[in-house]
Amino acid sequence: MYTLNISGHQVTVPNEIKALIKESMAKLSRYNDKITSVNVTFNLTKQETDKVQAEATIRIPGKEFFATSEADNSMSVTVDSLVQKLEKQLRRYKNKTKSKSSERFAEDTSIEDMQQEEFNALVDRGIEVELVSSVA
C-alpha cells in the first residue's frame, strides 16, 4: 500500500480528476508492488494561464521516478500523458531488474553445472567423494 498525495498550486483539483489519478496509479502498481508514495501536483504554467502542468513523483525503496506533463486546459489529458510516462519508466525499470536477476541465476546455474560435472568425473574414476552441504 502506498500514500497518494494530490495537490494543486493555484489550481483546484476536481474530485473526478482525483478519482482518475487514484485509478491510474493503482494500475501502475502492476509494474512494481513496492511503491511507497505517489505525489501529484498540478500547476498553471507561468507563460500561459490556460495550460495546466502536472508533475508526479513515485517512490520505491532505493529509486524515485519523476514525470511532468502539460496540456491545454484539460487535466484528464494531462493525467493520461503523465501516467503513460510513468508507466514507461516503471516498465523499463522492471525489465532492467528482471534481466539482472536472470543473469545472476544463469551464473549460479553454470557454477552448479561445473560442480556437477566435476563430481561425475570423480565418481567415474572410482574416487570416493564425501558430500558436504553448505549453507547459503
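Numbers given in my numbering equal positions in the sequence shown, counted from 1, plus 998. Where is the CB? At the ideal position from N, CA and C, for every residue including glycine.
- Going by C-alpha positions, LYS1016 is about 16 angstroms away from SER1067.
- Sequence-distant Cβ neighbours of LEU1084 in its own chain, meaning closer than 7 angstroms and more than five residues away, are LEU1026, ALA1054, ILE1056, PHE1063, ALA1065.
- Contact between ASN1037 and GLN1051 fails: their C-beta atoms lie close to 14 angstroms from each other, not under 8 angstroms.
- Using a Cβ distance threshold of 8 angstroms, ASP1048 and ASP1070 count as a contacting pair.
- Between TYR1029 and LYS1092 a beta carbon distance of about 5 angstroms is seen, short of the 8 angstroms cut, so the two are scored as contacting.
- Counted as a single uninterrupted DSSP element, the alpha helix (DSSP H) harbouring LYS1016 occupies residues 1013-1026.
- Pairing GLN1008 with LYS1096, the inter-Cα distance amounts to about 41 angstroms.
- Of SER1072, GLN1114, ILE1125, ALA1024, the smallest CA-CA separation from THR1010 is found for SER1072.
- For ILE1019, same chain residues with a beta-carbon under 8 angstroms away, outside a window of 5 residues either side, are LEU1002, ILE1004, VAL1038, VAL1077 in chain order.
- Between the C-alpha atoms of LYS1086 and GLN1114 there is a straight-line separation of about 42 angstroms.
- Residue environment: LEU1120 is assigned as exposed (fewer than 16 neighbouring CB atoms within 10 Å of its CB, all protein chains considered).
- In the three-state scheme derived from DSSP, where H, G and I count as helix and E and B as strand, LYS1086 is classed as helix.
- In this structure, the straight-line span from the alpha carbon of SER1079 to that of MET1023 is close to 13 angstroms.
- In this structure, the alpha-carbon of LYS1044 lies about 14 angstroms from that of GLY1006.
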